[in-house]
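Have a look at the structure below before the remarks.
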Amino acid sequence: MRRCAIFDLDGTLVDTPRGIVTTFAAVLAQLDLPTADSPTIRGTIGLGLSAAFAKVLGVPEDDPVVTRCVELYRPTFRKIVLPVAPQLVFPGVYDGLQVLRENGFLLAVATNRFIANAEEVLVAAGLREEFPVVVGADQVPKPKPDPGSGLLVLRRLGVAPRNAVMVGDTTYDVDMANAAGMASVGVTYGVHGADQLLSAGPTWLVDSFAGAVAAVQRTTS
Numbered sequence: 140m141r142r143c144a145i146f147d148l149d150g151t152l153v154d155t156p157r158g159i160v161t162t163f164a165a166v167l168a169q170l171d172l173p174t175a176d177s178p179t180i181r182g183t184i185g186l187g188l189s190a191a192f193a194k195v196l197g198v199p200e201d202d203p204v205v206t207r208c209v210e211l212y213r214p215t216f217r218k219i220v221l222p223v224a225p226q227l228v229f230p231g232v233y234d235g236l237q238v239l240r241e242n243g244f245l246l247a248v249a250t251n252r253f254i255a256n257a258e259e260v261l262v263a264a265g266l267r268e269e270f271p272v273v274v275g276a277d278q279v280p281k282p283k284p285d286p287g288s289g290l291l292v293l294r295r296l297g298v299a300p301r302n303a304v305m306v307g308d309t310t311y312d313v314d315m316a317n318a319a320g321m322a323s324v325g326v327t328y329g330v331h332g333a334d335q336l337l338s339a340g341p342t343w344l345v346d347s348f349a350g351a352v353a354a355v356q357r358t359t360s
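First residue of the sequence shown: 140, per our numbering; consecutive thereafter.
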């Protein structure tokens with residue numbers, strides 16, 4: 140039986156939310172746009188970039204200012220976050236992925252980052268070689284919580300939804316898993332808290348990456 144564990148990136152594998160907030164603020168400053176406070180920006184993490192900037196600015200996603208923000212975001216993120224990516228990997232991630240791999244799990248990432256930026260983060264963090272499949276938001280018609288990214292991972296790996304688990308720190312991850320027919324593990328150390336994650340109905344709720352690894356193995360055993 141082929142089994143897989145699919146992971147979100149930001150707030151699940153790598154503690155990038157603080158860097159994301161700083162990057163957002165820097166982009167807004169570069170364009171002389173109104174500043175946004177940290178909770179407002181953090182509340183958009185997990186959405187695609189266009190949706191996140193549109194929500195922060197209170198404009199439609201197709202507004203030209205959103206396009207400009209998205210264009211500036213990536214080079215700004217590279218300067219601020221990528222140099223410190225190895226220090227941002229959550230405790231237990233390296234060892235936990237090894238445990239899953241040794242127990243026969245295929246590993247993948249499904250993220251609402253565009254694929255090029257996701258690859259950059261994974262490479263900078265020393266994690267890229269852990270994942271045979273990485274799916275970004277620009278590789279599917281709609282980002283999470285739409286099930287498209289999870290279903291694309293399953294097709295590429297040849298795994299049935301019943302033998303797959305999604306691990307993530309937001310309701311978007313849990314909603315995606317539910318829509319795709321797979322189990323889910325919500326981690327409380329990222330962006331969304333326990334109550335918010337529980338509202339989406341995860342299969343398991345844990346407070347550490349080690350807990351996520353244990354839950355993954357229980358869910359598909």
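Glycine is no exception: its CB is placed at the ideal position from the N, C-alpha and C atoms.
- DSSP places L152 outside both helix and strand once states are collapsed to three, so it counts as coil.
- Its Cα nearest to that of G243, the residue A303 stands out among G320, A303 and Y311.
- Under the DSSP assignment, F192 falls in the alpha helix (DSSP H) whose first and last residues are L188 to L196.
- The C-beta of M305 has 16 or more other C-beta atoms within 10 Å across all chains shown, which makes the residue buried.
- Rounded to the nearest whole angstrom, the CA to CA distance from T327 to K218 is 28 Å.
- Per the coordinates, the alpha-carbon of V195 lies some 21 Å from the alpha-carbon of D312.
- Judged by DSSP in its simplified three-state form, G325 adopts strand.
- The stretch 211-225 makes no contact with the stretch 172-183: fewer than 3 CB pairs, one atom from each, lie closer than 8 Å.
- Distance from A247 to V272 at the Cβ level is roughly 4 Å; contact confirmed, criterion being Cβ atoms closer than 8 Å.
- Residue nearest to S347 within the set G340, V198 and D308 is D308 (criterion: CA-CA distance).
- When C-alpha distances from G340 are compared across A354, V324 and E241, the shortest belongs to V324.
- Leaving aside the five residues that flank A351 on each side, the residues in its chain whose CB is nearer than 6 Å to its CB run, in chain order, V306, V324, V326 and V345.
- Contact check for P156 against V330 passes: the beta carbons are separated by less than 8 Å.
- Contact between A249 and V274 holds, since their C-beta atoms are separated by about 5 Å, short of 8 Å.
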